[in-house]
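2 protein chains.
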Amino acid sequence: MSPPEPAVAAACVERGVLLARAYLSRVAEPPAAALAAFVEDVGAVEAAERVRRGAVPEKVARQTEARRGVDRAQTDLACAEGIGARLLVPEDSGWPRWPFAAFALTGDPDLAPPLALWVRGPARLAELSERAVAVVGARAATGYGVHIACDIAGGLAERECTVVSGAAIGIDGAAHRGALAAGGPTVAVLACGIDRAYPAAHAALLHRIGESGLVVTEYPPTAVPARHRFLVRNRLLAGMAGGTLLVEAGLRSGAQRTAADALALGRLVMAVPGPVTSGMSAGCHELIRKGALLVSRVEEVLEAVGRLGIDLAAEPDRPVQPTDGLDPVQVRVHDALPARAARDICWLMLESGLPIEVVRPALVELERRGLAEYREGRWQRPSWPRTGQR
Amino acid sequence: MSPPEPAVAAACVERGVLLARAYLSRVAEPPAAALAAFVEDVGAVEAAERVRRGAVPEKVARQTEARRGVDRAQTDLACAEGIGARLLVPEDSGWPRWPFAAFALTGDPDLAPPLALWVRGPARLAELSERAVAVVGARAATGYGVHIACDIAGGLAERECTVVSGAAIGIDGAAHRGALAAGGPTVAVLACGIDRAYPAAHAALLHRIGESGLVVTEYPPTAVPARHRFLVRNRLLAGMAGGTLLVEAGLRSGAQRTAADALALGRLVMAVPGPVTSGMSAGCHELIRKGALLVSRVEEVLEAVGRLGIDLAAEPDRPVQPTDGLDPVQVRVHDALPARAARDICWLMLESGLPIEVVRPALVELERRGLAEYREGRWQRPSWPRTGQR
Chain X
1 MSPPEPAVAA ACVERGVLLA RAYLSRVAEP PAAALAAFVE DVGAVEAAER
51 VRRGAVPEKV ARQTEARRGV DRAQTDLACA EGIGARLLVP EDSGWPRWPF
101 AAFALTGDPD LAPPLALWVR GPARLAELSE RAVAVVGARA ATGYGVHIAC
151 DIAGGLAERE CTVVSGAAIG IDGAAHRGAL AAGGPTVAVL ACGIDRAYPA
201 AHAALLHRIG ESGLVVTEYP PTAVPARHRF LVRNRLLAGM AGGTLLVEAG
251 LRSGAQRTAA DALALGRLVM AVPGPVTSGM SAGCHELIRK GALLVSRVEE
301 VLEAVGRLGI DLAAEPDRPV QPTDGLDPVQ VRVHDALPAR AARDICWLML
351 ESGLPIEVVR PALVELERRG LAEYREGRWQ RPSWPRTGQR
Chain B
1 MSPPEPAVAA ACVERGVLLA RAYLSRVAEP PAAALAAFVE DVGAVEAAER
51 VRRGAVPEKV ARQTEARRGV DRAQTDLACA EGIGARLLVP EDSGWPRWPF
101 AAFALTGDPD LAPPLALWVR GPARLAELSE RAVAVVGARA ATGYGVHIAC
151 DIAGGLAERE CTVVSGAAIG IDGAAHRGAL AAGGPTVAVL ACGIDRAYPA
201 AHAALLHRIG ESGLVVTEYP PTAVPARHRF LVRNRLLAGM AGGTLLVEAG
251 LRSGAQRTAA DALALGRLVM AVPGPVTSGM SAGCHELIRK GALLVSRVEE
301 VLEAVGRLGI DLAAEPDRPV QPTDGLDPVQ VRVHDALPAR AARDICWLML
351 ESGLPIEVVR PALVELERRG LAEYREGRWQ RPSWPRTGQR
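Residue numbers (the UniProt record's numbering), protein chains in the order written: chain X, 1 to 390; chain B, 1 to 390.
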């Protein structure tokens with residue numbers, strides 16, 4: 001593991017603030033809208049002190065009552081430091097202030113901002129989230145989905161766009177791997193403590209992400225990945241990125257929930273289509289029917305989330321035909337030309353239904369382009385056809 | 001071939017009108033907007049007589065000059081009768097008056113209405129086009145596209161919706177076959193004379209369509225399927241149907257042109273997605289990005305083109321989970337429940353972050369649903385779990 005640089009970021013934040021935020025990150029189960037608003041209001045240090053005493057508004061009391069007696073702030077910070085992690089707090093300049101401002105603006109208690117983030121890795125979240133796409137999808141992904149997720153994530157990473165995902169089996173893992181393979185930054189957002197490698201099969205992957213990118217969670221050390229935490233975590237995936245891309249998702253999936261969060265946060269929602277015979281694409285198709293942007297190439301993702309006028313997707317290559325550039329009259333004359341058994345100009349006039357004075361110049365132009373051949377008063381297509389006949 | 005019934009329809013139309021329309025259908029290469037407007041203006045019989053004499057407005061003269069001396073009306077009508085076909089004219093009550101009214105309304109000369117239609121088959125076009133979907137797509141379709149086209153066309157036919165297509169190899173053929181297999185009506189619109197079976201490989205298919213549905217073309221007998229005629233024909237496909245569905249289409253395809261025509265005619269455009277790795281779905285994806293409706297099931301097609309409030313698509317089946325119907329607090333308590341090693345209520349309070357007075361009733365409800373087990377003062381998930389653990 002490369003040496004982490006927690007000292008740099010943490011140096012700007014007083015120890016008291018870190019201890020207060022560490023305590024607060026454990027005292028309520030996220031999302032805790034009332035507590036977040038209270039902290040915003042009175043500051044982290046006073047908020048922590050008043051939560052401990054129980055001297056808080058009723059809504060905050062309900063959120064903190066069960067755990068307010070548990071203060072493991074010192075232990076948690078030490079535990080994090082022990083594994084090369086640190087606590088990133090809103091008082092830190094590395095906090096993704098602007099992307100996260102959307103949480104409070106929604107007014108939705110399910111989309112409360114995190115109180116602090118436990119992070120591991122050399123990258124700075126504020127910078128990474130400036131140009132980031134969340135790539136999410138099904139655990140039970142198909143080979144098709146894994147291929148596309150890996151490919152698009154790689155393309156994003158090559159263009160210095162951060163790939164944010166949830167480190168799950170399937171699409172998430174493929175997205176992280178695609179970004180890592182392209183040497184780009186990637187952020188894994190966990191639904192458990194920073195000290196846990198979940199899923200276990202991705203322990204090595206999480207280790208690699210922590211070496212070059214960032215592993216992030218709002219849950220304190222030792223927190224287990226309970227099911228509702230995956231859904232709660234998804235709002236952070238959506239909130240860290242300018243857009244959320246679903247690669248494969250079933251009809252009732254966490255990825256669809258992430259998309260809903262992204263929409264509520266005013267972020268762009270994109271989805272990759274797939275065979276309609278695949279249940280793994282059904283969630284993507286449903287989203288597109290409801291207004292999500294269909295994307296089929298990384299260029300289209302970048303155009304949608306990228307810088308205005310800079311990240312425009314080039315038009316895909318289209319088939320070229322020898323008759324390109326002909327005007328409608330020339331096309332009709334060309335169509336009328338026999339492939340074999342040359343005919344005279346009167347026959348062509350009847351066949352094309354065009355007056356002779358427009359057939360004549362059209363034939364001249366077709367001959368110039370090598371699309372018509374003139375022999376002994378009669379016309380036909382070239383003996384060695386350069387055009388694809390239907 | 002079942003006995004055609006041309007006498008019934010034709011009886012309503014004077015022989016003079018039929019002869020005039022037969023002459024007009026050959027005298028100009030479609031689309032002939034100026035001629036169509038002129039015929040609309042002065043009537044078919046007078047229009048034909050004046051075209052013959054050359055006593056017509058300049059634009060009409062340009063469209064008819066090359067062929068005005070050719071009058072094969074008698075021969076063409078006899079030829080049609082000989083193969084069990086007939087000439088359907090706007091003066092006939094079986095003419096699809098309302099669907100075709102859109103042609104003139106566009107004001108686009110490329111979308112001029114047909115002057116007459118040569119038809120073969122027992123069905124009445126006016127009735128078939130009341131509830132019809134054009135199903136079109138690539139010639140070089142994949143197995144996926146052929147499967148979907150056949151499947152959706154069959155579903156449309158089962159629900160008494162006419163399948164209109166172009167009889168081409170690939171998606172078109174699959175659509176016709178799907179409709180025929182379901183015993184439903186299907187209309188094939190040709191880009192050549194009614195006496196020709198094109199493509200030759202579909203001669204038997206066209207024969208079957210002519211027995212139960214309708215084969216239709218605006219081109220006079222013996223007309224060859226020149227390339228531009230396929231594009232010109234496509235407007236009729238779009239115009240006969242309430243909506244146009246692309247199943248597979250390349251980036252530069254006749255099917256995309258049909259979709260553009262449908263849009264110009266104010267009809268709905270739908271497209272089936274596919275793997276983004278398949279060039280055969282690229283045209284569909286491009287259309288969806290530009291606003292076409294993504295459809296993945298026949299029910300979605302019917303909902304879009306069908307009768308308001310009657311043809312609503314049922315929601316697709318979604319996975320059901322044992323925790324469905326739990327409120328958020330109950331979900332959190334359920335998440336906190338250990339699978340093994342039962343814990344007391346205080347532990348559950350800490351783990352869930354919820355006050356004891358809400359944990360208690362949640363546990364009671366979970367036990368009632370068989371999602372929690374109480375043994376000797378401690379709680380856990382049922383020994384024989386009925387929930388899918390992640």
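Ideal Cβ placement from N, Cα and C applies to all residues, glycine included.
Alpha carbon of residue i to alpha carbon of residue j, nearest angstrom
| i | j | result |
| --- | --- | --- |
| X/T186 | X/A157 | 8 Å |
| X/S296 | B/G82 | 52 Å |
| X/G193 | B/L268 | 51 Å |
| B/G353 | X/A179 | 36 Å |
| B/L348 | X/V146 | 38 Å |
| B/L326 | X/A78 | 38 Å |
| B/D71 | B/A22 | 9 Å |
| B/E29 | B/T244 | 25 Å |
| B/E351 | B/I288 | 47 Å |
| X/I152 | X/A175 | 8 Å |
Where residue i falls: helix, strand or coil (DSSP)
| i | result |
| --- | --- |
| X/R289 | helix |
| X/G243 | strand |
| X/Y23 | helix |
| B/E160 | coil |
| X/S129 | coil |
| B/L88 | strand |
| X/Y144 | helix |
| B/V136 | strand |
| B/L214 | strand |
| X/Q321 | coil |
| B/L337 | coil |
| B/G95 | With the sequence shown as reference, residue 95 of chain B is identified as Trp, and Gly is not the correct amino acid for it. In the structure shown, B/W95 sits in coil (DSSP, three-state: anything other than H, G, I, E or B). |
Neighbour-count burial assignment, residue i, 16 or more Cβ in a 10 Å radius
| i | result |
| --- | --- |
| X/A7 | In this prediction, X/A7 scores a pLDDT of 44, lower than 50, which makes its location untrustworthy; the coordinate-derived value is nonetheless stated afterwards. So X/A7 counts as exposed. |
| B/Q321 | exposed |
| B/S93 | exposed |
| B/D317 | exposed |
| residue 392 of chain X | The structure shown has nothing for residue 392 of chain X, since chain X only spans 1 to 390. |
| residue 396 of chain B | Since the first and last residues shown for chain B are 1 and 390, residue 396 of chain B lies out of range. |
| B/R386 | Here B/R386 scores only 47 on pLDDT, less than 50, and its place in the model should not be relied on; the value that follows carries that caveat. By the 10 Å Cβ count, B/R386 comes out exposed. |
| B/V95 | Looking at the sequence itself, residue 95 of chain B is Trp, so the reference to Val does not match. Buried. |
| B/D172 | buried |
| X/A123 | buried |
| B/R15 | exposed |
| X/G377 | exposed |
Residue j beta carbon less than 9 Å from that of residue i
| i | j | result |
| --- | --- | --- |
| X/V247 | X/G137 | yes |
| X/A336 | X/A134 | no |
| X/V240 | X/V216 | Val is not the amino acid found at residue 240 of chain X; the sequence shown has Met there. Yes, they are a contact pair. |
| B/Y219 | B/S25 | yes |
| B/V27 | B/T64 | yes |
| X/G283 | X/A249 | yes |
| X/A36 | X/A73 | no |
| X/T142 | X/G274 | yes |
| B/V164 | B/A132 | yes |
| X/G166 | X/A188 | yes |
| X/Q330 | X/E365 | yes |
| B/L111 | B/P31 | yes |
| B/A238 | B/A271 | no |
| B/A182 | B/G154 | yes |
Min CB distance residue i to chain A below 9 Å
| i | result |
| --- | --- |
| B/E365 | Although the question refers to chain A, the structure presented lacks it and instead comprises the protein chains X and B. |
Legend entry - Selection of the segment 100-128 of chain X by Cβ proximity to chain B, strictly under 9 Å: D110
Legend entry - Contact residues within the segment 327-339 of chain X, judged by C-beta distance below 9 Å to chain B: P328, V331, R332, H334, D335, A336
Legend entry - Contact list for the segment 282-300 of chain B against chain X, Cβ threshold 9 Å: A282, C284, H285, E286, I288, R289, L293, L294, V295, S296, R297, E300
Legend entry - Interface positions of the segment 205-218 of chain X facing chain B (Cβ-Cβ less than 8 Å), listed along the chain: Taking a C-beta cut-off of 8 Å against chain B, none of the residues of the segment 205-218 of chain X qualify.
Inset, instruction - Please list the residues of the segment 224-241 of chain B that have a C-beta atom closer than 7 Å to any C-beta atom in chain X, keeping them in chain order. - result: A226, R227, H228: these are the residues of the segment 224-241 of chain B whose beta carbon lies less than 7 Å from some beta carbon of chain X, given in chain order.
Inset, instruction - Report the residues of the segment 46-66 of chain B with a CB closer than 7 Å to any CB of chain X, ordered along the chain. - result: Listed by position along the chain: R62, E65, A66.
Inset, instruction - Mind checking the segment 248-263 of chain B against chain X and listing, in chain order, the residues whose C-beta falls within less than 8 Å of any C-beta there? - result: G250, L251, R252
Inset, instruction - Pull out every residue of the segment 141-160 of chain B whose Cβ sits closer than 8 Å to any Cβ of chain X, in chain order. - result: Y144, H147, I148
Legend entry - chain X contacts made by the segment 11-30 of chain B, where a contact means CB separation under 7 Å: A28, E29
Legend entry - Where the segment 73-89 of chain B meets chain X: residues whose CB sits under 8 Å from a CB there: Interface annotation for the segment 73-89 of chain B against chain X: empty, criterion Cβ-Cβ distance under 8 Å.
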